[in-house]
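Reviewing the structure listed below.
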Amino acid sequence: MDSLVSPQLLAAAMITGVLYALISLGLNLVYGTMRLLNVAHGDLVMIGAYVAFIAFSLLNIGPLVSMFGAALICGSLGWLSYKCVFQRLLSNGQLLSRLEENSLLLFFALSVIIQNLAILFFSADRKGYEYLSAIVEIGDVRLTGARLTVLIVGAVISAAVVFFLRFSLFGLAMNALIQNRDASAIVGINVDRVQMSSLIFGFGITGLAGALISMMEPITPVMGFPYTMSAFVIIILGGLGNLWGGFLAGLLLGVLEVYGVALTGPEWRSVLVYGIFVLILIFRPQGLLGSGKTAR
Amino acid sequence: MIKHLIIKTFVILGMFGMAYSAQAADPVKIGFSIPKTGMFASAGPSQLNAYLLWQDLVNAKGGLDIGGKGRRKIEFVQYDDKSNPAQAAKIYEKLITNDKVDLVVAPWGTPHHFAVAPVVERHKFPLVGNTAASVALRKVKPGYLWFTSSMMPDNVAKAMTAMLKSRGVKSVAILYNLLPFASENIQFLKPALAKAGIKIHFEAKYPPDIKDMTGMLIKVKAKNPDAVLVHSYPGDSILYMNQAREVGINAKTQYVMVGPAIGFFRGMFKSNLDGIITMGSWAPGMKGATGSQKFYTAYKKKFKGHEPDYLDTVEVYASVQILEQAIAKVGLNREKIRNAINTMTFKTIYGDVKFNGVQNGSTPSSFTQIQKGKIEVVWPKSRATAPLADKGAWAN
Numbered sequence: 001m002d003s004l005v006s007p008q009l010l011a012a013a014m015i016t017g018v019l020y021a022l023i024s025l026g027l028n029l030v031y032g033t034m035r036l037l038n039v040a041h042g043d044l045v046m047i048g049a050y051v052a053f054i055a056f057s058l059l060n061i062g063p064l065v066s067m068f069g070a071a072l073i074c075g076s077l078g079w080l081s082y083k084c085v086f087q088r089l090l091s092n093g094q095l096l097s098r099l100e101e102n103s104l105l106l107f108f109a110l111s112v113i114i115q116n117l118a119i120l121f122f123s124a125d126r127k128g129y130e131y132l133s134a135i136v137e138i139g140d141v142r143l144t145g146a147r148l149t150v151l152i153v154g155a156v157i158s159a160a161v162v163f164f165l166r167f168s169l170f171g172l173a174m175n176a177l178i179q180n181r182d183a184s185a186i187v188g189i190n191v192d193r194v195q196m197s198s199l200i201f202g203f204g205i206t207g208l209a210g211a212l213i214s215m216m217e218p219i220t221p222v223m224g225f226p227y228t229m230s231a232f233v234i235i236i237l238g239g240l241g242n243l244w245g246g247f248l249a250g251l252l253l254g255v256l257e258v259y260g261v262a263l264t265g266p267e268w269r270s271v272l273v274y275g276i277f278v279l280i281l282i283f284r285p286q287g288l289l290g291s292g293k294t295a296r
Numbered sequence: 297m298i299k300h301l302i303i304k305t306f307v308i309l310g311m312f313g314m315a316y317s318a319q320a321a322d323p324v325k326i327g328f329s330i331p332k333t334g335m336f337a338s339a340g341p342s343q344l345n346a347y348l349l350w351q352d353l354v355n356a357k358g359g360l361d362i363g364g365k366g367r368r369k370i371e372f373v374q375y376d377d378k379s380n381p382a383q384a385a386k387i388y389e390k391l392i393t394n395d396k397v398d399l400v401v402a403p404w405g406t407p408h409h410f411a412v413a414p415v416v417e418r419h420k421f422p423l424v425g426n427t428a429a430s431v432a433l434r435k436v437k438p439g440y441l442w443f444t445s446s447m448m449p450d451n452v453a454k455a456m457t458a459m460l461k462s463r464g465v466k467s468v469a470i471l472y473n474l475l476p477f478a479s480e481n482i483q484f485l486k487p488a489l490a491k492a493g494i495k496i497h498f499e500a501k502y503p504p505d506i507k508d509m510t511g512m513l514i515k516v517k518a519k520n521p522d523a524v525l526v527h528s529y530p531g532d533s534i535l536y537m538n539q540a541r542e543v544g545i546n547a548k549t550q551y552v553m554v555g556p557a558i559g560f561f562r563g564m565f566k567s568n569l570d571g572i573i574t575m576g577s578w579a580p581g582m583k584g585a586t587g588s589q590k591f592y593t594a595y596k597k598k599f600k601g602h603e604p605d606y607l608d609t610v611e612v613y614a615s616v617q618i619l620e621q622a623i624a625k626v627g628l629n630r631e632k633i634r635n636a637i638n639t640m641t642f643k644t645i646y647g648d649v650k651f652n653g654v655q656n657g658s659t660p661s662s663f664t665q666i667q668k669g670k671i672e673v674v675w676p677k678s679r680a681t682a683p684l685a686d687k688g689a690w691a692n
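Protein chains in written order, with our numbering: chain A, 1 to 296; chain B, 297 to 692.
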């Protein structure tokens with residue numbers, strides 16, 4: 001039980017939570033504004049990780065710089081997929097009614113394409129690099145520089161994004177779209193522009209998260225799927241399309257996972273995480289902070 | 297009339313001659329499945345690279361020596377099994393019945409070997425397995441399948457216990473991934489440790505998708521065991537390496553099962569890996585391992601300076617060397633190849649290999665240790681390239 005009051009454990013929980021929160025933000029944004037079920041979400045994490053790996057190993061550029069390149073590349077992919085596919089689907093009333101189901105299939109196809117392209121270009125070999133590996137001591141807490149960086153950068157970016165979306169004019173427009181698409185158009189919001197920006201922004205943040213993850217995990221073309229799963233669990237826990245709820249749910253899941261495992265045992269991890277997920281679906285299907293009033 | 301008959305005879309004989317010479321030059325078609333997509337995709341290249349290197353080196357010599365009656369080049373027929381054992385079985389059926397391959401080599405992983413076993417048995421195609429290790433494999437009917445691995449979990453458990461005793465280890469902490477090979481190792485390790493009087497101070501099993509080990513490692517540190525034995529795969533091995541340093545696990549014996557022998561892993565941890573013991577039976581230039589330095593040099597040349605996976609790639613390469621030597625002895629007759637594999641002793645980069653039933657009966661379960669950035673075989677002593685050393689303090 002002593003381990004439960006360890007500041008080391010608290011730091012580990014915060015790192016896991018912040019990472020979860022950051023990864024789920026992009027998925028939530030894309031689902032919230034357009035009701036697109038992006039099952040290729042984890043593959044954007046993978047793209048971000050490869051961008052950071054290539055920048056580091058070929059150009060000697062660290063992930064703290066290349067993460068912006070990763071955001072740019074993934075954001076461009078968001079723009080491209082909006083212009084080529086989703087703009088037409090979102091503007092067609094008939095197709096719009098089936099968009100959620102169709103988007104699942106479209107993103108599944110995109111996921112397969114991205115993974116196969118990654119295998120083609122980089123091979124399926126695991127890749128990794130050493131960056132900020134030295135231990136940093138802060139009081140009783142000892143973290144590798146990479147994990148401390150993920151904690152700080154992840155927290156700052158997640159909080160900045162959530163505050164930007166809550167308090168900026170553009171963020172308010174996105175929130176309006178999340179709440180009611182038709183009413184947003186009536187009050188003069190440029191729905192097309194906001195939708196496109198959401199996809200760019202959502203993809204970009206996810207790519208950035210991938211660059212951060214590359215400092216700590218092996219990089220492979222198939223590394224994305226667990227992140228897709230985690231992100232879906234988090235946005236459902238927090239309330240689909242509720243960005244603030246998703247952020248808190250990410251943190252909560254991190255704390256639950258690390259402390260739950262310390263309390264019960266690692267073999268209970270999946271039972272704990274998915275048990276909470278099922279309980280939320282049964283007793284509060286709108287999510288922790290979801291109002292249940294979101295309309296199209 | 298007679299003139300025409302003579303001309304026709306010459307034409308027909310000439311055609312036969314051309315057909316014969318074309319057949320003589322035909323490559324030997326060898327088929328296999330490989331996980332290019334799906335959950336094992338990242339493990340596939342360590343096997344595929346060994347096959348490709350073998351093909352290059354053999355073809356550079358003019359091809360496979362076919363029972364001393366000339367050489368024929370190797371041509372591969374390969375399909376993605378999508379990491380699915382059932383798909384692998386279908387692929388081997390197709391390779392044999394539709395693609396009409398001359399021979400097959402192994403798919404990746406234990407479940408895939410179980411899946412293709414009935415297919416090769418039914419069609420009487422000899423298959424020298426690799427990347428597969430489970431005591432259950434011994435239940436495979438001796439016939440057309442053999443396993444090159446020296447890492448059968450019961451043998452590994454005995455070797456590990458002997459290694460720990462030699463270091464005076466009295467207590468251990470065991471952490472293990474719930475995937476089958478790791479779990480099976482623990483199943484044999486615990487009674488072996490008990491028999492040797494080594495106490496287990498802490499034990500925890502964890503799921504493959506674990507994201508944080510801090511809670512477990514804080515408990516390990518509190519128990520202060522002489523050795524920490526982590527039966528992990530690359531993803532969770534990375535977690536251990538990062539978080540053991542954070543928590544301050546300083547046991548002088550630390551074993552990380554799969555990962556440290558792979559090039560990318562060493563690139564991630566560099567000097568922090570010094571002193572870590574891992575699963576493996578091989579180091580370049582090892583005594584009694586025929587051509588191991590040549591293999592190492594050729595691998596690095598072909599794959600742009602990358603090192604082979606000291607665990608899987610080496611075993612895979614040894615498995616095809618076995619096939620190559622059997623063909624050199626008896627030609628392409630599959631029944632004769634089968635008999636040759638059952639009876640011959642093979643000179644491989646893994647050392648001399650002779651099969652005892654379906655399993656490698658001559659290579660002992662062994663361990664390697666990273667010492668000053670280099671991988672050394674440290675156990676058993678008969679195979680060691682360097683003495684086993686204490687794990688010192690973490691580099692940073």
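No residue lacks a Cβ here, since even glycine has one placed at the ideal position from N, Cα and C.
Minimum Cβ-Cβ distance from residue i to chain A less than 8 Å
i	result
Y502 of chain B	yes
S479 of chain B	no
F372 of chain B	no
S317 of chain B	Below a pLDDT of 50, predicted positions are generally treated as unreliable, and S317 of chain B, at 45, falls in that range; no measurement from the model is reported.
Q343 of chain B	no
T664 of chain B	no
As assigned by DSSP and simplified to three states, the class of residue i
i	result
K454 of chain B	helix
A429 of chain B	coil
A523 of chain B	strand
V141 of chain A	strand
H409 of chain B	helix
A183 of chain A	helix
A318 of chain B	Any reading at A318 of chain B is ruled out, since the residue's pLDDT is 43, under 50, leaving its predicted position unreliable.
G204 of chain A	helix
S567 of chain B	helix
L95 of chain A	helix
E130 of chain A	coil
K501 of chain B	strand
R445 of chain B	According to the sequence provided, residue 445 of chain B is Ser. The question's Arg does not apply to it. S445 of chain B: coil per DSSP, three-state reduction.
G531 of chain B	helix
G17 of chain A	helix
Identity of the residue in the options nearest residue i by Cα
i	options	result
G75 of chain A	A:I54, A:S198, A:A40, A:F86	A:S198
T33 of chain A	A:Q179, A:I276, A:Y259, A:M46	A:Q179
M537 of chain B	A:F122, A:V30, A:T144	A:T144
K461 of chain B	B:H408, B:D376, B:K495	B:K495
S615 of chain B	B:S430, B:G358, B:L344	B:L344
K519 of chain B	B:A685, B:L485, B:V468	B:V468
A689 of chain B	B:G493, B:P487, B:G571, B:K466	B:G571
G250 of chain A	A:V273, A:G204, A:M215, A:A109	A:V273
D140 of chain A	B:P381, B:G544, B:R562, B:K632	B:G544
Cutoff 8 Å: residue i Cβ touching any chain B Cβ
i	result
Y216 of chain A	According to the sequence provided, residue 216 of chain A is Met. The question's Tyr does not apply to it. Interface residue, yes.
Y129 of chain A	yes
A176 of chain A	no
S24 of chain A	no
Q115 of chain A	yes
R88 of chain A	no
Whole-angstrom C-beta distance between residue j and residue i, which should lie under 8 Å
i	j	result
K598 of chain B	L349 of chain B	6 Å
I219 of chain A	G128 of chain A	6 Å
A21 of chain A	V51 of chain A	Not really, about 21 Å apart at Cβ, beyond 8 Å.
S446 of chain B	P660 of chain B	6 Å
Chain E contact for residue i (CB, 8 Å cutoff)
i	result
A337 of chain B	Judged by its chain identifiers, the structure shown contains no chain E, and its protein chains are A and B.
Chain A contact residues for residue i, given Cβ-Cβ distances below 7 Å
i	result
I514 of chain B	S3, S6, Q8, L9
G688 of chain B	Within 7 Å Cβ-Cβ: nothing; G688 of chain B doesn't reach chain A, min ~15 Å.
Closer than 9 Å at the beta carbon, the chain A residues around residue i
i	result
N520 of chain B	Simply none; closest approach about 14 Å.
E542 of chain B	Q8, A11, A12, I135, V141, R142, L143, T144, R147
Neighbouring residues, chain B, relative to residue i (Cβ below 7 Å)
i	result
P221 of chain A	A337
Contact test: residue i Cβ vs the ligand NAD heavy atom, cutoff 7 Å
i	result
A540 of chain B	As for the ligand NAD, it is missing from this structure, which has no ligand bound.
Within chain B, partners of residue i - CB distance below 9 Å
i	result
S270 of chain A	P503, D505
P226 of chain A	D505, K507
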